[in-house]
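Asks:
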Ligand SMILES: NC(=O)c1ccc[n+]([C@@H]2O[C@H](COP(=O)([O-])OP(=O)(O)OC[C@H]3O[C@@H](n4cnc5c(N)ncnc54)[C@H](OP(=O)(O)O)[C@@H]3O)[C@@H](O)[C@H]2O)c1
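Numbering (this note's numbering), first residue to last: 11 to 264.
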């Protein structure tokens, strides 16, 4: 389906990123899988290898400019091009804002927002040279609604959505599409930041279901728009009927 397109995905060592790396490799993409944990990345690469897919694991820290430069250079040295970028690496902190620290701010904003910026900035010139590409940013429902005790995380995801919509307009003339998606609860290690029962008992999507949403975004041409109210209701109903648990709003620049 993706015919040897090259995907670079961050946060690919576990959760949504690992599921997406596997899903895209099964759809024919050559996958560059990035995260900080080398062993976990190598496990993901081995799982993809066992499925006869191609995966190059590259340890990288998206908060670090030099690390991102090295990641992109290494990917280009191996595959010569990058067609798809999925900015998925993400972290959160949950708690009263007066108890969050500047370190918390730097880690959350640094990973979720600066990290996506650094990766996009490094890869845009590559996509321009190639004549096009697609950048997909994994945002969140926390980028659409200001949940209490999640101020830093919400700030990072609102910022990511703003950056995506701006980049989408900026890069359309270069045939670079920019998309984002806003999952609700997803059953991953990320949820360990929440200590309360509400989250433990909440209906959650599987990382695989979100990976399918991302693949859908990458493979189906869409008209630029925020979903209409009727469209949202139809998608929600479809999801309920399919047994998937959460709303996952998506947007593409074209
Ligand atoms: N789970 C949910 O309910 C949910 C809902 C909406 C949106 N999301 C978003 O979905 C994305 C993936 O989350 P998840 O649920 O799959 O969480 P997860 O299981 O905790 O995975 C997070 C990934 O990000 C990587 N990462 C963290 N800091 C990094 C850094 N500085 N550099 C490179 N990689 C880094 C982690 O790998 P290393 O630790 O190995 O670096 C890991 O692979 C995040 O952007 C999250 O905000 C999650």
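Ideal Cβ positions, reconstructed from N, Cα and C, are used throughout, including at glycine.
Quick check for students: name the residue ranges of the beta strand (DSSP E) that lie wholly in the region 69 to 150, counting only runs of 3 or more.
Replies: Runs of the beta strand (DSSP E) lying entirely within the region 69 to 150, each at least 3 residues long, are 94 to 97 and 143 to 148 in chain order.
Asks: Between which residues of its own chain and residue 12 is the CB-CB distance below 6 Å, once the five residues before and five after are set aside?
Replies: 37, 38 and 39
Asks: Of all the options 58, 33, 22 and 26, which has the alpha carbon lying nearest to the alpha carbon of residue 229?
Replies: When each option's Cα is compared against that of residue 229, the closest is 33.
Asks: Report yes or no: do the region 197 to 210 and the region 174 to 188 share at least 3 C-beta pairs separated by less than 8 Å?
Replies: no
Asks: Confirm the yes/no value for this check: CB of residue 206, any heavy atom of ligand 1, distance under 7 Å.
Replies: no
Asks: State yes or no: is the C-beta of residue 73 nearer than 7 Å to some heavy atom of ligand 1?
Replies: Correct: residue 73 has its Cβ closer than 7 Å to ligand 1.
Asks: Tell me the rounded alpha-carbon separation between residue 71 and residue 132.
Replies: 14 Å
Asks: Taking just the CA atoms, how far does residue 116 sit from residue 87?
Replies: Those two C-alpha atoms are separated by around 31 Å.
Asks: Could you tell me whether the Cβ atoms of residue 144 and residue 226 are closer together than 8 Å?
Replies: no
Asks: Look at the alpha carbon of residue 35 and the alpha carbon of residue 48, and state the distance between them as a whole number of angstroms.
Replies: 19 Å
Asks: Helix, strand or coil: how does DSSP classify residue 294 here?
Replies: Given that the chain is displayed from residue 11 to residue 264, the structure contains no residue 294 and the question cannot be resolved.
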